[in-house]
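Undergrad: This structure is in structure tokens; I'll ask about it shortly.
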Amino acid sequence: MANSRSAKATSRTAPSKTVHKIKITLRDSRPPIWRRLEVPSGITLRELHDVIQATFGWEDYHMWAFESGRDRYGAADRDLGIRSAASKQLRQAAPHAGDRLRYTYDFGDDWEHDILVEDVTEPEPDTAYPRCLTGRRACPPEDCGGMWGYDYLIEILADPDHEEHEDRLEWLGLDSADQFDPAAFDQAQINSALSTHATVLVEN
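Residue numbering for the sequence shown follows the numbering used here, beginning at 28 and increasing consecutively.
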């Protein structure tokens with residue numbers, strides 16, 4: 028009976044030395060703000076939090092949590108029903124292509140990230156993971172009021188006659204709205220930020 032339970036658990040869990048290809052999309056962003064990554068299947072959700080922060084350019088100021096089914100993982104908090112994210116691996120929470128997770132950053136602005144597992148593959152030799160494959164558009168600034176606030180910020184910056192235009196430039200630390208590009212995406216910069224988290228799974 029114990030062997031049967033073990034086999035069943037194994038069938039639901041991706042092997043530790045595989046790679047999850049995931050697409051992370053910032054919910055309600057129009058046009059969509061997203062990143063496609065390859066990460067080790069054995070990464071913990073705590074480590075995946077760090078990867079998402081580096082990938083999107085968040086500054087890790089606020090509370091956060093993953094949701095997998097009815098379970099929530101983050102900085103353990105019994106009152107909020109949040110389990111330790113360090114205790115759960117991605118391969119356990121979302122073992123198969125098509126599986127989904129939700130990651131929420133900043134419980135005030137509620138930046139919700141939809142995570143889709145697109146594939147589970149073998150790692151390439153001498154390749155460091157995690158890595159960013161592609162993506163679109165810049166991450167919103169911290170504390171701008173969620174997606175609605177970000178859309179309003181873009182509207183203000185596009186209108187030099189808006190009464191809040193100069194105040195918002197000052198808040199962002201910019202001299203000109205030309206320095207603000209919501210369409211910007213720098214894959215090389217993201218992978219540089221990810222390099223501190225990267226490891227080679229298979230050597231040639």
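Here a beta-carbon is modelled for each residue, glycine too, at the ideal position from N, C-alpha and C.
Out of 143, 92, 194, state which residue places its alpha-carbon closest to the alpha-carbon of residue 47.
TA: Looking at the Cα atoms, 143 is the closest of the given residues.
Undergrad: Would you report the Cα separation of residue 83 and residue 206, rounded to the nearest angstrom?
TA: The straight-line gap from Cα to Cα measures roughly 18 Å.
Undergrad: How many Å lie between residue 97 and residue 125 at the Cα?
TA: Their Cα atoms are separated by approximately 18 Å.
Undergrad: Whole-angstrom Cβ separation of residue 149 and residue 45, contact assumed at under 8 Å?
TA: With 8 Å as the limit, residue 149 and residue 45 qualify as a contact, their Cβ atoms being about 6 Å apart.
Undergrad: If contact is defined by three or more beta carbon pairs under 8 Å, each pair taking one atom from either stretch, is the segment 146-165 in contact with the segment 182-202?
TA: The answer is no - the segment 146-165 does not touch the segment 182-202, with fewer than three Cβ pairs under 8 Å.
Undergrad: Which residues bound the beta strand (DSSP E) around residue 92?
TA: Counting along the chain, the beta strand (DSSP E) containing residue 92 begins and ends at 91-95.
Undergrad: Out of 156, 115, 73, which one is the CA nearest neighbour of residue 218?
TA: Nearest option by C-alpha distance: 156.
Undergrad: Between which two residues does the alpha helix (DSSP H) harbouring residue 219 extend?
TA: Residue 219 -> alpha helix (DSSP H) spans 214-221.
Undergrad: Can you give me the Cβ contacts of residue 29 inside the same chain, cut-off strictly under 6 Å, excluding the 5 residues immediately before and after it?
TA: Residue placement at residue 29 cannot be trusted, given a pLDDT of 42 that sits under 50; what the coordinates show is reported in the next sentence. Closer than 6 Å at Cβ, skipping near neighbours: no residue.
Undergrad: Grab the span of the beta strand (DSSP E) containing residue 78 for me, first residue to last.
TA: Looking at the DSSP string, residue 78 is not in any beta strand (DSSP E); the run it does join, the alpha helix (DSSP H), is 72-83.
Undergrad: What separation, rounded to the nearest whole angstrom, lies between the Cα atoms of residue 188 and residue 209?
TA: So the two alpha carbons sit approximately 20 Å from each other.
Undergrad: Got a sec? Which residues, its chain only, sit under 8 Å from residue 99 by beta carbon, not counting five neighbours each side?
TA: These residues qualify, in order along the chain: 92, 93, 107, 108, 109, 110.
Undergrad: Could you tell me the boundaries of the beta strand (DSSP E) in which residue 47 lies?
TA: First-last of the beta strand (DSSP E) with residue 47: 46-53.
Undergrad: Which of the three DSSP states is assigned to residue 9 in this structure?
TA: This structure gives no information on residue 9, because the portion of the chain shown stretches from 28 to 231.
Undergrad: Among all the DSSP beta bridges, which residues are the ones paired with residue 111?
TA: Answer is 101, bridged to residue 111.
Undergrad: Which partner residues does residue 162 have in the DSSP bridge list?
TA: Answer is 62, bridged to residue 162.
Undergrad: According to DSSP, simplified to helix, strand and coil, what is residue 178?
TA: Helix at residue 178.
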